[in-house]
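Heads up, the thing below is written out as structure tokens.
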Amino acid sequence: MRQSLLLAAGLFALSTTAAFAQAARDDSFEQIDKGRYLAILGDCAACHTVPGGKPFAGGVTLKTPFGDLVGANITPDPETGIGRMTLDEFQKVMSEGEGPGGFHLYGAMPFTAYTKVSKEDNAAIYAYLNSVEPVKNKVETNLLPFPFNIRLSLIGWNMLNFTKGEFKANPQKSEEWNRGAYIVEGLGHCGTCHTPKNIMGGDKNDQFLEGATLQDWFAPNITSDPHKGIGAWSVEDITAYLKTGANKYDMASGPMAEEVENSSQHWSDQDLKAVAVYLKDNRNAGAKAPAPIAATDARMVAGAAIYADRCSACHVSKGEGIPTLFPRLASAPLVNSDDPTSLIRVVLAGSKAGATHAAPTSPNMPSFAWNLNDKDVANVLTYVRNTWGNAAPAVDPTEVGNLRARLRDE
Amino acid sequence: MEPFYDAFDKIAGISGKAGNLRGQIQEGGNPFEGSRSNEYPTGPMRQPYGPTLFAKAAKDLGYKPFPVPSALISEPYTNPLGVTMGPCTFCGFCTNYGCANYSKASAITTILPALIRKSNFTARTNSEVIKINLDSTGKRATGVVFIDSSGEEWEQPADLVIVAAFTFENVRLMLLSGVGTPYDPNTNVGTTGRNYAYQTANGVQLFFDDKNFNPFIGAGAVGMGIDEFNNDNFDHSGLGFFGGGSTRVTPIGAAPISSRPTPPGTPKWGSDWKKETVKNYLSTMSIGCEASSYSTRTNYLSLDPTYTDRLGRPLLRVTFDFSENDRKMAAYVTGKVAEIAKAMGPRQIVQNPSKGHWNTGPYQSSHIVGGFVMGADPTKSSVNKYLQTWDVPNLFVVGASAFPQNPGYNPTGTAAALAFKAADAIRNQYLKNPGPLVQA
């Protein structure tokens, strides 16, 4: 995923006084190819490769609630990239969020997840990054305003929000489950988008993967919650979603479409299955759905009429959608989420589904900003969120108006 | 040809009901259809009221009505390239519009999403090929010249050039590039521009008192048809013409404002016109018969001696009129259609056979064909059966420009099947051994 809530900047321009010592580098094909795959698994490109630009040359801007951070140049260029970084220094970046010379990285570089990556895997990623074309591209990673731009504050942040330590397998679980956990909690850094954040931008670990909003997208609950989460999805549904961007329930759009396109469509079938097995065996499986808003509520009545006119041609009259073309709205985790941000967003701004080799269609949803006012959008979404088995809080027109204003500013 | 029709059907998700499956006539399909190896990829469209009423009347008269096959999808469909289409919603904004529901097959909804993912594919949008370059012998294409949106000219060298620029532009590019000899109607010599043909549009309007067709419900090609009056499907003895047409009721959606059917004699404006509009909008339907147009010696395409485009290149000139044969055919098939119309019991029918001289004004059809036709004789055709030009073997010209006649069916299926046939020949024969695929 591209975004991170945390105060953040990637691996970045090295201090010129970086230690010169080089650890012996394993540059065998096997090691580099392993690192290439792991870099895909970790979706390094999302933050470190500008679309259409040179791989890993940095420059992708991450908008956080605290200000902008920019993904660093992680090509082996010695001046502007990581060409002078030793393996030990790289390991420290990944496991501790600490760059050469002892400065602290912002958590947008998701070291709070990457700390779980094994030393062996980090060595392979290091070997791979050192094999790509060096690009001279100086990136100013820290564009945060005062006082967030003061890295010293990160010492305190780390104390409160960061638990260092490599992934430890759960002996009660299968090898497959543990592989899935290693990916989801580690390189996959799913929680960066899907775990709610505290006021400092740190993960609320007791709500791991229960959904979070960032850059005006809501990354839904991906726990086993059968209502708000993906509890109803089978292992096959989850792997299809990650591999193709679509399954019979939903299609990836927004930041998740980028994740599928850049990362998970290229994962091995074993890793996809492991991730699905782990996500299926997660918390909240017994969560209860709230009661829906009554169909006779004035907002629901208005919403039903708008739905019939504007939405039903594609999403079909009972919200069942068309598989791999128009997302299903009935019993969809995103629709049942407490936070309607993504729903408001796609109605106002339209959306384009991701395209993969397996599912190349990439259908578009048009924008309805021009023909639905804030109240219309709120009503139709309230209707969608409380019909066909769905149940979720009503959408407030003020919330629609606020997002409309923010989208206009973008 | 059948495997190539089949391949195209699967790409476009064509909806319909087979009438002839591996030689066995199928109930409910078109019994005049050629033998198909497979059913249509998606089932027939559900029928609006007008086509249903027509089909019943036609059946009662002994005809064999069938759902018109079309590139409008009746159910969700994912084609062999992995591209997904959605079912048609009969929104009525089909003909003349793009489809927001991914229900209408086009390159955009069936092929391009898969094609643009290929690393060896580039599309140059807002660019126009202005010339095919030939080497000094004139026997080999060396590439094309194109102009981009800023007006800059580029040369794209090529080992193989495939032109697919629609009938008119295919022919114009060949004339501008000097491929083949321009056709001369006086001497009947030359091939480029020869055998241009159109389509003969006929129809019967039916005004009812007691029917409501909800005519805003529609889709570009949904409907019921019969083929008893098409091509050689009926006995032409003593009729004095050959050819025929596709009899169809295909409500495309009566567009707001533009669709205001009123019976003859209604004033063209004022309160009586409004009254008749209200009275007839819901209760009028029509039966069409898009019929053949056979080429003649005097119908042809050439470069215009007077008019030029923005680059100073001559425009294409169309020299055309309906032939006596086609007018006779039009009168006959329209009369047969009117018999069915009468059986449907309307208050009034109005027959509109194609008659008189051709006129560029009223819209009749976009189905123009010929001008760079396929054949077995290089003195009378431009391309061989693989759409490879006789004179320049590394130049293929694809499209309905290859049709030597326009029979009584719409051309898209055959134009596409010919494209698949050409692509197959290029991949499996030409690339292994570049040169003429048919010895002249």
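If you're matching them up, the sequences are chains A and B in order. According to this note's numbering, numbering within the first sequence proceeds without interruption in unit steps and concludes at 455. According to this note's numbering, numbering within the second sequence proceeds without interruption in unit steps and concludes at 462. Positions of the beta carbon are idealized from the N, C-alpha and C atoms, including for glycine.
* Contacts of Ala122(B) in chain A (Cβ-Cβ under 9 Å) -> Within the second sequence, numbered from 1, the residue matching residue 122(B) stands at position 100. Those within 9 Å of Ala122(B) in chain A are Ala358, Cys359, Asn409, Pro411.
* Going straight from the alpha carbon of Gly236(A) to that of Pro155(A), what length do you get? -> As a working mapping, residue 236(A) is identified with position 191 in the first sequence. As a working mapping, residue 155(A) is identified with position 110 in the first sequence. Roughly 9 Å between the two C-alpha positions.
* **Supposed contact pair Leu338(B) and Phe190(B) - C-beta distance, whole angstroms, cut 8 Å** => As a position in the second sequence, residue 190(B) is number 168, starting the count at 1. As a position in the second sequence, residue 338(B) is number 316, starting the count at 1. Their Cβ separation, rounded to whole angstroms, is 5 Å, which keeps Phe190(B) and Leu338(B) in contact under 8 Å.
* Is it a yes or a no for the region 320 to 335 of chain A touching the region 416 to 429 of chain A, going by three-plus beta-carbon pairs under 8 Å? -> Touching, no.
* **Per-residue DSSP class, three states only, for Thr125(A)** => Translated into the one-based positions of the first sequence, residue 125(A) becomes position 80. Residue state, collapsed to three classes: coil.
* Sequence-distant residues of its chain with Cβ nearer than 8 Å to Asp348(B) (five each side left out) -> Mapped onto the second sequence, residue 348(B) falls at position 326. The answer, listed in chain order, is Thr222, Phe263, Gly265, Ala313, Ser314, Ser315, Tyr316, Ser376.
* To do: Return the Cβ separation of Pro36(A) and Ala436(A) in integer angstroms, given the expectation that the two are a contact with Cβ distance under 8 Å.
  => A question about residue 36(A) goes unanswered here, because the residues of chain A that appear run from 46 up to 455.
* **Classification of Asn206(A) by the beta-carbon crowding that lies within 10 angstroms, buried from 16 upward** => Taking the first residue of the first sequence as 1, we reach residue 206(A) at position 161. Buried, by the Cβ-count rule.
* Just the C-alpha distance for Cys110(B) and Asn432(B), rounded to the nearest angstrom, thanks. => Translated into positions along the second sequence, residue 110(B) becomes position 88. Translated into positions along the second sequence, residue 432(B) becomes position 410. C-alpha separation (whole angstroms): 21 Å.
* Between the C-alpha atoms of Val420(B) and Ala187(B), what's the straight-line distance to the nearest angstrom? -> Translated into positions along the second sequence, residue 420(B) becomes position 398. Translated into positions along the second sequence, residue 187(B) becomes position 165. Per the coordinates, the alpha-carbon of Val420(B) lies some 8 Å from the alpha-carbon of Ala187(B).
* **Chain-ordered residues of the region 104 to 128 of chain B with a beta carbon less than 8 Å from chain A** => Under the 8 Å Cβ criterion, the region 104 to 128 of chain B contributes Gly104, Val105, Thr106, Met107, Gly108, Pro109, Thr111, Cys113, Ala122, Asn123, Tyr124.
* Quick one: complete alpha helix (DSSP H) runs, 4+ long, within the region 331 to 388 of chain B? -> Whole alpha helix (DSSP H) segments, 4+ residues: 346 to 365.
* Asked: Among Asn302(B), Ala441(B), Gly393(B), which has the Cα closest to the Cα of Thr320(B)?
  -> Here the question's residue 320(B) lines up with position 298 in the second sequence. That would be Gly393(B), whose Cα lies nearest to the Cα of Thr320(B).
* Say whether chain A places a C-beta atom closer than 9 Å to the C-beta of Arg139(B). => Sequence index remark: in the second sequence, residue 139(B) carries index 117 (1-based). Arg139(B) counts as touching chain A.
* Could one say the Cβ of Thr160(A) lies closer than 9 Å to chain B's Cβ atoms, at least one of them? -> On the first sequence, position 115 is the one that residue 160(A) refers to. No, Thr160(A) does not count as interfacial toward chain B.
* Run through DSSP, which three-state label would Arg344(A) get? -> Locating residue 344(A) in the first sequence gives position 299, counting from the first residue. If DSSP states are grouped into helix, strand and coil, Arg344(A) belongs with the helices.
* Could you tell me the boundaries of the beta strand (DSSP E) in which Phe148(A) lies? => One-based indexing of the first sequence puts residue 148(A) at position 103. It is not in any beta strand (DSSP E) - Phe148(A) carries neither H nor E in the DSSP assignment.
* Asked: In terms of residues, what are the limits of the beta strand (DSSP E) holding Lys86(B)?
  -> As a first step, residue 86(B) must be located in the second sequence, where it is residue number 64. Taken as a continuous stretch (DSSP letters only), Lys86(B) belongs to no beta strand (DSSP E), as it is neither H nor E.
* **Sequence-distant residues of the same chain with beta carbon closer than 6 Å to Ala69(A), five excluded per side** => Position 24 of the first sequence, counting from 1, holds the residue named residue 69(A). For Ala69(A), the predicted model reports a pLDDT of 48, less than 50, meaning its position is unreliable; a value from the coordinates is still stated below. So no residue of the chain qualifies.
* Can you give me the start and stop residues for the alpha helix (DSSP H) that Ile228(A) sits inside? => Residue 228(A) sits at position 183 when you count from the first residue of the first sequence. Where Ile228(A) is concerned, the enclosing alpha helix (DSSP H) stretches over 220 to 230.
* How many angstroms separate the CA atom of Lys397(A) from the CA atom of Thr406(A)? -> By one-based count along the first sequence, residue 397(A) stands at place 352. By one-based count along the first sequence, residue 406(A) stands at place 361. Whole-angstrom Cα-Cα distance: 10 Å.
* Could you tell me which chain B residues have their CB closer than 8 Å to the CB of Ala404(A), listed as they occur along the chain? => As a first step, residue 404(A) must be located in the first sequence, where it is residue number 359. Those are Gly104, Thr106, listed as they occur along chain B.
* To do: Enumerate, from N- to C-terminal direction, the unbroken beta strand (DSSP E) stretches of 3 or more residues contained entirely within the region 295 to 322 of chain B.
  => 306 to 313
* Can you grab the Cα-Cα spacing for the pair Thr74(B) / Phe30(B), in whole Å? => The sequence position of residue 74(B) within the second sequence is 52, counting from 1. The sequence position of residue 30(B) within the second sequence is 8, counting from 1. Roughly 28 Å separates the two Cα atoms.
* **Extent of the continuous beta strand (DSSP E) to which Ile170(A) belongs** => The count along the first sequence starts at 1 and reaches residue 170(A) at position 125. Unbroken run through Ile170(A) is the alpha helix (DSSP H), 164 to 174; no beta strand (DSSP E).
* Does the distance from the C-beta atom of Val320(A) to that of Ile283(A) stay below 9 Å? -> For this step, residue 320(A) is matched to residue 275 along the first sequence. For this step, residue 283(A) is matched to residue 238 along the first sequence. Yes, these two residues count as a Cβ contact at 9 Å.
* Asked: What separation, rounded to the nearest whole angstrom, lies between the Cα atoms of Ala462(B) and Tyr218(B)?
  -> Translated into the one-based positions of the second sequence, residue 462(B) becomes position 440. Translated into the one-based positions of the second sequence, residue 218(B) becomes position 196. Cα to Cα, Ala462(B) sits roughly 23 Å from Tyr218(B).
* Where Pro63(B) meets chain A, residues with beta-carbon distance less than 7 Å -> Numbered from its first residue, the second sequence carries residue 63(B) at position 41. By Cβ distance, chain A contributes nothing, its closest Cβ being about 16 Å from Pro63(B), past 7 Å.
* To do: Measure the alpha-carbon distance for Asp248(A) versus Leu199(A) and round it to whole angstroms.
  => Looking up residue 248(A) in the first sequence gives position 203. Looking up residue 199(A) in the first sequence gives position 154. C-alpha separation (whole angstroms): 15 Å.
* So with Cβ pairs under 9 Å, would you call Ile351(A) a contact of chain B? -> As a working mapping, residue 351(A) is identified with position 306 in the first sequence. No, its Cβ sits nowhere closer than 9 Å to a Cβ of chain B.
* Would you report the Cα separation of Ile77(A) and Leu132(A), rounded to the nearest angstrom? -> Working through the first sequence from its first residue, we reach residue 77(A) at position 32. Working through the first sequence from its first residue, we reach residue 132(A) at position 87. C-alpha separation (whole angstroms): 14 Å.
* Which chain A residues are close to Pro135(B), counting only those with a beta carbon under 7 Å from its beta carbon? -> Start at 1 with the first residue of the second sequence, and residue 135(B) comes out as number 113. Chain A residues near Pro135(B): Ala400, Pro405, Thr406, Ser407.
* CB of Ala80(B) within 9 Å of CB of Pro70(B), strictly -> To locate residue 80(B), count along the second sequence from 1; it is residue 58. To locate residue 70(B), count along the second sequence from 1; it is residue 48. No, Cβ-Cβ distance for Ala80(B) and Pro70(B) is not below 9 Å.
* Is Gly256(A) closer than 9 Å to Ile170(A) when the C-beta atoms are compared? -> The sequence position of residue 170(A) within the first sequence is 125, counting from 1. The sequence position of residue 256(A) within the first sequence is 211, counting from 1. Against a cut-off of 9 Å, the Cβ pair of Gly256(A) and Ile170(A) comes out as no contact.
* Inter-stretch contact (C-beta, 8 Å, three-pair minimum) for the region 377 to 391 of chain B and the region 287 to 299 of chain B -> Touching, no, given that fewer than three Cβ pairs across the two stretches are closer than 8 Å.
* To do: Express the C-alpha separation of Thr164(B) and Gln451(B) in angstroms, rounding to a whole number.
  => For the purposes of this step, residue 451(B) is identified with residue 429 of the second sequence, where counting begins at 1. For the purposes of this step, residue 164(B) is identified with residue 142 of the second sequence, where counting begins at 1. So the two alpha carbons sit approximately 20 Å from each other.
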